[in-house]
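Visitor: Numbered by the working numbering, the letters in the sequence shown go through residues 1 to 223 in order.
By construction, the Cβ of each residue, glycine as well, lies at the ideal position given by its N, Cα and C atoms.
Just dropping this structure here.
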Amino acid sequence: MVKSERIKDIEFGNNSVEAKFDVHSGGVKGSILLLPGIGSGPFGGIFDQFVEKAVEENFQVLRYESWEDVSELQEKTVDSIFAEINDAVDYLKDRNDLKVFIVAKSFSAGMVLAGSIDNVDKTVLWAPAVGFQEKANIEELRDSKLGEVEEVTDIQINSEFLEHKVPVKVIHGENDQVVQIENSESIVHNLPEAEIKRISETGHSYEGKKNLVIEETIEFLNQ
């Protein structure tokens, strides 16, 4: 049986958000923070499908609405996103002292790679949208509004940002026209403990392959 709890006006970073907490009544083996891409919040579609499966597997899942639309996101800074994610992880650790995992899509997946996110045991990144180059520029952009960045992949990290990351699985569609799969392959190559799952015949939103993405994600978290 699934228990769902709506949490209003919780402070993550400098942002007061509404969150949803889903948990299996029969016991919990780990906590998942579920983070969305730019164009959608963490509700509906693949996110609801993932939560249903994760709770069946005895994980508890936290997700929250950080921005209502792209214009609101554009007013945020990179640092403010980092602060929100860290506070959400801390909330999970304080609520239940269990392992914490992050599952993040696109923009949020890129922010997880770029930031110093503490107290996380594993991450699964769905088509992470962040640039990977020899020279990073993210330190120069930390206080800039995201609306000043033309493309999220213009936010760039390099191998130095990946040296101390926890185990990571990247899942990327081979037909992705938003973020090139080669970008993810370079990131995985430079992570200390990582793997990539290439999903054939699908793009950035995993059209026709959502169930496979969810299965691959849960399998990694259960290892």
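For E201, which option in E174, G147, D154 has the closest C-alpha, if you only look at C-alpha atoms?
Guide: Taking only the C-alpha atoms, the option nearest E201 is E174.
Visitor: Please confirm whether V179 and A127 have their CB atoms less than 7 Å apart.
Guide: In this structure, A127 lies closer than 7 Å to V179 by Cβ.
Visitor: If you check the beta carbons only, do F161 and A129 fall under 7 Å apart?
Guide: Not in contact: F161 and A129 (Cβ atoms no closer than 7 Å).
Visitor: Between which two residues does the beta strand (DSSP E) carrying F59 extend?
Guide: 59 to 64 is the extent of the beta strand (DSSP E) around F59.
Visitor: List the endpoints of the continuous beta strand (DSSP E) containing I10.
Guide: Looking at the DSSP string, the run of the beta strand (DSSP E) that includes I10 is 2 to 12.
Visitor: My guess is that V23 and Q60 are in contact by the Cβ rule of under 8 Å, so how many angstroms apart are they, rounded?
Guide: At roughly 4 Å, the Cβ-Cβ gap stays under 8 Å, so V23 and Q60 are in contact.
Visitor: In angstroms, rounded to a whole number, what distance separates the CA positions of E140 and F12?
Guide: Near 23 Å, if we compare the C-alpha coordinates of F12 and E140.
Visitor: Assuming V112 and I138 are in contact, meaning their beta carbons sit under 8 Å apart, how far apart are those beta carbons, in whole angstroms?
Guide: Not quite, the Cβ-Cβ distance comes to about 13 Å (not below 8 Å), so this is no contact.
Visitor: With DSSP as the reference, identify every bridge partner of R198, one or two as the case may be.
Guide: R198 pairs with H172.
Visitor: With a cut-off of 8 Å on the beta carbons, I'd call K64 and E5 a contact; round off their distance for me.
Guide: Note on residue identity: the sequence assigns Tyr, not Lys, to residue 64. About 12 Å; that fails the 8 Å criterion.
Visitor: Using the Cα positions of T217 and K29, report the straight-line distance between them to the nearest angstrom.
Guide: Taking the straight line joining both Cα atoms gives about 15 Å.
Visitor: Whose C-alpha, out of V78, V120, V166, K209, is nearest the C-alpha of D154?
Guide: Of V78, V120, V166, K209, the residue nearest in Cα terms is V78.
Visitor: Here's a check: name, in chain order, each residue in its chain whose Cβ is nearer than 8 Å to the Cβ of V51, leaving out the five neighbours to either side.
Guide: Cβ neighbours of V51 beyond the five flanking positions: D22, L34, V61, R63.
Visitor: Find out if the Cβ-Cβ distance for the pair V166, K122 is shorter than 7 Å.
Guide: A contact, by the Cβ cut-off of 7 Å.
Visitor: In chain order, what residues of the same chain lie with their CB nearer than 6 Å to the CB of F82, ignoring the 5 residues before and after it?
Guide: So the qualifying residues of the chain are G115.
Visitor: Return the bridge partner residues of T77 from the DSSP annotation.
Guide: Answer is K145, bridged to T77.
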